[in-house]
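J.: Before anything else, here's the structure in question.
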Amino acid sequence: AVVSTQSTGDVALKADSTRFLGECYLESGGHGCLDEGILLLRQAIALYTSTFSGLHLTTLSTYDILIAALIKHGFHKEAVEELRSIKEAKTLKFGEFSKPMSDLHKSLGSLYLIQNRTKEALAQFKKCLAILNVIQNKPNDVTLSIKNTIQSLENNSEEK
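Read in order, the letters of the sequence shown are residues 885 to 1044 in our numbering.
If you want it as structure tokens, here you go:
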């Protein structure tokens, strides 16, 4: 058995530094910076997970940064995989009926729509709306936008 000589604080500091560096690479936008930034964020996630857990807020927020970068740069398939991989952790951390979960379903719905996976997109938008209806006192712009998207997708599927 290998015994680690690094304390939890040392690993957490290394994870924080790795995350920060990854974000810097992503923001700089130079040649090769995207790949390096994504790699560093994945390393930070691994360090956070080994130190704290997949349920730790910093771990989950680092996933959010990674997913946003993947979406921004057109890596939609990878973004879907990352979202699906953290769904259980977010459900355990925040509960099924929470803003982070409605955001997750909305993001999945949007990504499925980009990939022309209409049935899956519709299912995700419906989950998002169901959550929003529970957690909000009254409809807002987001709720109305999701309702309009669902209606549009249902109308388009009826026309085919």
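Heads up, the beta-carbon is just placed ideally off N, CA and C, and yes, glycines get one too.
From what residue to what residue does the alpha helix (DSSP H) around H989 run?
T.: 983-998 is the span of the alpha helix (DSSP H), which, as asked, contains H989.
J.: Excluding sequence positions up to five away, which residues of its chain have a Cβ less than 6 Å from the Cβ of V886?
T.: Confidence at V886 is low in this model, with a pLDDT of 45, below 50, so the placement of that residue is unreliable and no value is reported for it.
J.: Alpha carbon to alpha carbon, what distance is there between E907 and I1019?
T.: Distance between the alpha carbons of I1019 and E907 is about 32 Å.
J.: Residue range of the alpha helix (DSSP H) that N876 falls in?
T.: A query on residue 876 cannot be resolved here, the shown segment of the chain reaching from 885 to 1044 and no further.
J.: Might you give, ordered along the chain, the residues of its own chain that have their beta carbon closer than 8 Å to the beta carbon of E980, omitting 5 neighbours on each side?
T.: If we look at E980 and ignore the five residues flanking it on each side, its Cβ neighbours are I1015.
J.: Grab me the residues of A928's own chain with a C-beta within less than 7 Å of its C-beta, minus the 5 sequence neighbours each way, in chain order.
T.: Closer than 7 Å at Cβ, skipping near neighbours: A899, T902, R903, G906, T946.
J.: Does the beta-carbon of E965 have 16 or more other beta-carbons within 10 angstroms, so that it is buried, or is it exposed?
T.: Per the 10 Å Cβ criterion, exposed.
J.: Can you look up F936 in the DSSP assignment and give me helix, strand or coil?
T.: Coil, per DSSP.
J.: Measuring straight from C-alpha to C-alpha, what distance separates L1037 and P1023?
T.: L1037 and P1023: Cα-Cα distance of roughly 20 Å.
J.: With a 10 Å radius around its C-beta and 16 neighbouring C-beta atoms as the bar for buried, classify L950 as buried or exposed.
T.: The residue is buried, with at least 16 neighbouring Cβ atoms inside 10 Å.
J.: Rounded to the nearest angstrom, what separates E972 and G938 at their Cα positions?
T.: Whole-angstrom Cα-Cα distance: 10 Å.
J.: Less than 8 Å between C-beta atoms, sequence neighbours within five positions excluded: which residues of the same chain meet that for T975?
T.: Correct list, in chain order: M985.
J.: Return helix, strand or coil for S957, following the three-state DSSP convention.
T.: Residue identity check: residue 957 is His in the sequence provided, not Ser. Three-state result, H957: coil.
J.: Would you please state the rounded distance, in angstroms, between the beta carbons of I1030 and C1012? I believe it to be under 8 Å.
T.: That pair is a contact at about 6 Å.
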